[in-house]
Amino acid sequence: MPPLRARGPSLTWRVALLAGAAIAVLASVTMLASYLVVRAGLYQDLRKVLREDAATVAALYGSGEGSVATSITGPTGGVVLQVYSAAGQLLVASRPDFERAQAAIPPTDVIGAARVPTAWRGQVAGAEMEAALAPFSFGVVAVLADPSYIDDTLASLARPLLAAAAALVLASLVVGYLVAAASLRPLTRLARMAAVLGPDRLEPITYHGPDDEVGRLTHALNGLLSRLREALDAQRVFLAETSHELRTPLTSLRGFLDRAKRRAGPEVQEDLVDAQRVAGTMTRLVEDLLQLSRGEVVREATPHLVDVGRDVLAPVASEFAGVTLRETVPTLMLGDPVRLRQMIRNLTANAVRAAGRPAGVELSLEHDGGHAVVRVVDDGPGISDELLPHIFEKFFKGVGGGSGLGLAIAKQIAKHHDGDIRVESAPGRTLFEVRLPTVEADDEEEP
0 MPPLRARGPS LTWRVALLAG AAIAVLASVT MLASYLVVRA GLYQDLRKVL REDAATVAAL
60 YGSGEGSVAT SITGPTGGVV LQVYSAAGQL LVASRPDFER AQAAIPPTDV IGAARVPTAW
120 RGQVAGAEME AALAPFSFGV VAVLADPSYI DDTLASLARP LLAAAAALVL ASLVVGYLVA
180 AASLRPLTRL ARMAAVLGPD RLEPITYHGP DDEVGRLTHA LNGLLSRLRE ALDAQRVFLA
240 ETSHELRTPL TSLRGFLDRA KRRAGPEVQE DLVDAQRVAG TMTRLVEDLL QLSRGEVVRE
300 ATPHLVDVGR DVLAPVASEF AGVTLRETVP TLMLGDPVRL RQMIRNLTAN AVRAAGRPAG
360 VELSLEHDGG HAVVRVVDDG PGISDELLPH IFEKFFKGVG GGSGLGLAIA KQIAKHHDGD
420 IRVESAPGRT LFEVRLPTVE ADDEEEP
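Here is the structure:
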């Protein structure tokens, strides 16, 4: 099973955020294009008016009526006039600070304008200026203007545009969320219906919408559910038939062992008792397989007063040579000793398989406030985080192999005894902890 990714925003919010991002990009592109168009238009208008003013001034100078003191009443207003000789030398200006040499337009540009009116842009008196040059009878007249007001105008225009763009993006998030929620509602309903399905509930999902993407997804899920039902049914049939066929020879085996035990001498009695115990365990396992194949849990139990250490842990530890059993204290509970041994045996067998050797497994028992706490610890490689939530599922096999039933049966036995099993795992240490309710000496006394 692939690892799950960290939980993030819902699909509805992701669609809304994508819509907001797309609108933000479009708004930014639109604002930039508008800014460039307006800026280019303002500069174009300024240059046009400067050319007209330069032509007007040149005409006045050509007729002998103009002077640098003459104010221009055209659209530019507040411009600076400069008069150059035909050789490009600055003669006079309408403002004293523009009569200095560093405020002059390069002579080569002025000489070029002596033949044809010219637009010019550059540094004049330390500031970026726009100018129009026009020839007249004795030289060239230049009309200069500071275009910085254009940038100020654009800056004042950009602020409300930015505010409008931000409002548009926020509105797009709200609208995008509403549209996405409405569009994804059938998918949300499908996910909700699929979430309640499980191994014991594989009914087809009902969908009444159009044959769109959601409809095709529903059809695919129903096909998968149908194949899963067939596979589970085949699995149950196989387990039921196999378990049923195994019951007869196991019953015969136990009968033969009982007869052999009655007839055998004392030197083999212990071996026959061990064989009977193993045969009984195999019979229980076959019965569990039969119950699990029918979807049942381990229900039958014969309650006894059980010493968990002596009646459960010690026999299991003796079955696995090399498993360490820490010293235990008398801990009494009501339960089925056969089932309890089966639970601890399954946990121990799983731990031995994980560690690769019995010596890497330790059993321990503690008494904790009305509960017997049994711990099965191994020094194996550990269980990965993605497998850990599934190890108690029926027929789930981890990397260590096994039948996929041992831990599921152990969980059912613990639950039937009003207990529980929890697991912690890290590389080099895996802990299975079983908590079972105990009985105290006072509980056994009659009121």
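The numbers in numbering that gives the first Met the number 0 rise by one with no breaks, and the one at position 80 of the sequence shown is 79.
In this text, a Cβ means the ideal position worked out from N, Cα and C, and glycines have one as well.
Simplified DSSP assignment, three categories, for Y206: coil
According to DSSP, residues forming a beta bridge with W119: A130
Segments assigned alpha helix (DSSP H), at least 4 residues, entirely inside the region 367–392: none
Residue(s) in a DSSP beta bridge with V174: Paired residues: none, contrary to the question.
For E98, three-class secondary structure by DSSP: coil
Status (buried if at least 16 other CB within 10 Å, exposed otherwise) for E212: exposed
Rounded separation between R338 and A219 - CA only: One Cα belongs to R338, the other to A219, and the distance between them is close to 43 Å.
P329 versus V433 - alpha carbon distance: V433 has its alpha-carbon roughly 16 Å from the corresponding atom of P329.
Where F237 falls: helix, strand or coil (DSSP): helix
Rounded distance between the beta-carbons of L404 and K393, thought under 8 Å: 7 Å
Three-way DSSP call (helix, strand, coil) for H303 in this model: In the three-state reduction of the DSSP assignment, H303 falls in the strand class, which pools E and B.
Integer-rounded CB distance, given that P336 should sit under 8 Å from V373: Going by Cβ atoms, the distance from V373 to P336 rounds to 14 Å, so no, they are not a contact pair.
Cβ-based burial, K410 [other Cβ within 10 Å; buried from 16]: buried
Delimiting residues of the alpha helix (DSSP H) encompassing R421: Looking at the DSSP string, R421 is not in any alpha helix (DSSP H); the run it does join, the beta strand (DSSP E), is 419–425.
Three-way DSSP call (helix, strand, coil) for T72 in this model: Note that T72 has pLDDT 44, beneath the 50 cutoff, so the model's placement of it is unreliable and the number below is only indicative. Taken through DSSP and simplified to helix, strand or coil, T72 comes out as coil.
Residues of its chain near V438, where Cβ-Cβ distance is below 8 Å and the 5 sequence neighbours each way are ignored: L304, L331, M332, L333
Environment of V375 [buried if 16+ CB atoms lie within 10 Å]: Result: buried.
Close-in-space but distant-in-sequence residues of the same chain around A26 (CB under 7 Å, 5 per side omitted): The residues are A164, L167, V168.
Host alpha helix (DSSP H) of E318 (start-end): Run containing E318: 313–318, per the alpha helix (DSSP H) assignment.
For G19 and K47, the rounded distance between their alpha carbons: 41 Å
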